[in-house]
Amino acid sequence: GTLAELLVVMARTPDKIRDGKAIPQITAFIVDTSAPGVTITQRCRFMGLKALQNAVITFENVRVPREDILWGEGKGLKLALITLNTGRLTLPMSAAYGAKAAVHVARKWAAERVQWGQAVGKHDEVAQMLGAMAADCFGIESMAELSSALADQAQNDIRLEAAIAKLWTTEVGWRIMDDLMQIRGGRGYETADSLAARGEKPVPVERMMRDFRINRIFEGTSEIMHLFIAREAVDTHLAVAGDMIKPGIGMGQKLAAMAKAGVWYAGWLPKRFVGGGQLPGAYGHFGPLARHIRYVERTSRKLAREMFYAMGRHQAKLERKGKLLGRFVDIGAELYAISCACVRAHSMADEPHGRQALRLADVFARRSRLRIRQLFAEIGTNADDSTYKLAQEVLKGNYAWLEQGAVLPRDDGPDAPPSPGSRAAGTPSERDPISGSRVATQVGATG
34 GTLAELLVVM ARTPDKIRDG KAIPQITAFI VDTSAPGVTI TQRCRFMGLK
84 ALQNAVITFE NVRVPREDIL WGEGKGLKLA LITLNTGRLT LPMSAAYGAK
134 AAVHVARKWA AERVQWGQAV GKHDEVAQML GAMAADCFGI ESMAELSSAL
184 ADQAQNDIRL EAAIAKLWTT EVGWRIMDDL MQIRGGRGYE TADSLAARGE
234 KPVPVERMMR DFRINRIFEG TSEIMHLFIA REAVDTHLAV AGDMIKPGIG
284 MGQKLAAMAK AGVWYAGWLP KRFVGGGQLP GAYGHFGPLA RHIRYVERTS
334 RKLAREMFYA MGRHQAKLER KGKLLGRFVD IGAELYAISC ACVRAHSMAD
384 EPHGRQALRL ADVFARRSRL RIRQLFAEIG TNADDSTYKL AQEVLKGNYA
434 WLEQGAVLPR DDGPDAPPSP GSRAAGTPSE RDPISGSRVA TQVGATG
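Start counting the sequence shown at 34; every next residue gets the next number (our numbering).
This is the structure in structure tokens:
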């Protein structure tokens, strides 16, 4: 924003009329930041990634030559979606190398720091965290590499793989960062400059954590990824049986859709019960990891069945069951992760670290299977409905009494912009950070 000389701007252009209907058009333009009407009003400041030059930019009567249209009129959305796939694939590799750094710091500290007569890495709880971090790091890098390899093959549509990779690696990477902070303890929470000032190694764990957090938001939040992936997963079912659950569809159409779906599911459903994963010797070329590959094959069919049952149970309401859909997606992501880890470990079998790769993949798969078991259990038994109802009451302000006594923090750190106005006009600490209106020092103190 503040540094770029050229911007790619997606803008709404006149609708295209087709069969009497207006079709919205999004067009991509190359815009010179020195052009009249382009104003960079402010550089944005963030929790982490301090070098980011994102900015608030305004456009007022900016004229763009026709030759500066990218791809052609109305093709901006397609360009944006293609770019989004690439962007989503950059995050898994970023997460992989963040995880590598975290494992390195955690390993060194867990070996050096002594408590109760032995290194903290010898104590079971820390050892469990360190082992999980190493296994998850291997899983993240495996998914990043396999997903990128699929993208390099032009014939592949990797929208789903890119979305899953972005979702899963950033969620697991954040778990690794959280465990790193816990292992480092107070020194993890302390800045590198402060550590250096008192003669300790300036390990920037708090910065690593701040920089990593945005990954769960970049290129589509985890919640948006859940919905996008779930929609892709049920697309075939909607094509086959969508008319059965559409509101406003007549009984005749529903009966016709039911007959069509019945024929299709008569062939589809039985195949979801039988497969190679039930054969004890299947996928034997994976050696000790074959049992995990068989598990993936069996469980992917179970996942398909459970999604089918959920569609029948909830019908049109399923699209509003975001938490439930998220569990289905997370199970699929874990299965993909197990596959990636096992494939990578198998490919490394003849390399110097081949045996260690097999062990990492095995521990990773064991832990992933535990998570999958829990997710399946929560599909049938959960508190989703009661939690949603409570949230709606909270939105109405019915539980505002919980907020009594809350103190809104003030941030006058090195990145804070100069406070406008005098104290009489209200400093940042005296204004509601959401509405901007004057507030008392304590929430609810005015009664």
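Glycine included, C-beta positions come from ideal geometry on N, C-alpha and C.
- Nearest neighbour of residue 408 by Cα position, chosen from 332, 38, 427, turns out to be 332.
- At a Cβ-Cβ threshold of 7 Å, residue 138 and residue 173 do not count as neighbours.
- Per DSSP, the continuous alpha helix (DSSP H) segment holding residue 391 begins and ends at 387-413.
- Contact annotation: residue 134 and residue 209 have beta-carbon atoms that are not nearer than 7 Å.
- Going by beta carbons, residue 325 and residue 378 fall outside the 7 Å limit.
- In this structure, residue 243 places its C-beta atom within 7 Å of the C-beta atom of residue 80.
- Annotation for residue 54: the continuous beta strand (DSSP E) segment containing it runs 54-65.
- Judged by beta-carbon spacing, residue 136 lies beyond the 7 Å limit of residue 165, meaning their Cβ atoms are not closer than that value.
- Residue range 39-51 is occupied by the beta strand (DSSP E) that includes residue 49.
- A direct Cα-to-Cα measurement between residue 96 and residue 111 gives close to 23 Å.
- When 54, 319, 334, 318 are compared, the shortest CA-CA separation from residue 311 is found for 334.
- Comparing C-alpha distances from residue 404 to each of 169, 88, 126, 422 shows the shortest one belongs to 169.
- Between residue 56 and residue 49, the CB-CB gap stays under 7 Å.
- Fewer than three Cβ pairs drawn from the stretch 421-435 and the stretch 376-396 lie within less than 8 Å of each other, which leaves the two stretches out of contact.
- Only residues of its own chain outside the window of five on either side were considered, and among them 351, 357 have a CB closer than 7 Å to the CB of residue 343, listed in chain order.
- Here residue 381 is near residue 390, since their CB atoms are less than 7 Å apart.
- Residue state for residue 97 is assigned as coil, using DSSP reduced to three classes.
- A direct Cα-Cα distance of roughly 12 Å separates residue 116 from residue 41.
- Secondary structure note for residue 323: its alpha helix (DSSP H) is the uninterrupted segment 323-347.
- DSSP lists 88 as the beta-bridge partner residues of residue 76.
- With a threshold of 16 other beta carbon atoms within 10 Å, residue 439 falls short and is exposed.
- Considering only 94, 127, 424, the residue with the shortest C-alpha distance to residue 70 is 94.
- When C-beta atoms of the stretch 149-158 are compared with those of the stretch 185-200, fewer than three pairs fall below 8 Å, so the two segments do not count as touching.
- Closest by C-alpha distance to residue 323, out of 367, 150, 376, is 376.
- Here residue 191 carries a coil assignment [DSSP, helix/strand/coil].
- Close CB contacts of residue 369 within its chain, under the 6 Å cut and outside five residues either way in sequence, are with 197 (chain order).
- Straight through space, the alpha carbons of residue 46 and residue 106 are spaced by roughly 8 Å.
- Rounded to whole angstroms, the gap between the alpha carbons of residue 319 and residue 180 is 20 Å.
- With fewer than 16 other beta carbons inside 10 angstroms of its own, residue 250 counts as exposed.
- Within the same chain, and ignoring the five residues on either side of residue 85 in sequence, the residues whose Cβ sits closer than 7 Å to its Cβ are 79.
- The beta carbon of residue 128 sits closer than 8 Å to the beta carbons of 173, 177, 202, 203, 205, 206, 245, 248 from its chain, once the five residues preceding and following it are set aside; these are given in chain order.
- From the listed residues 62, 211, 87, 190, the smallest Cα separation to residue 35 is found for 87.
- One thing to note: residue 361 has its Cβ within 7 Å of the Cβ of residue 340.
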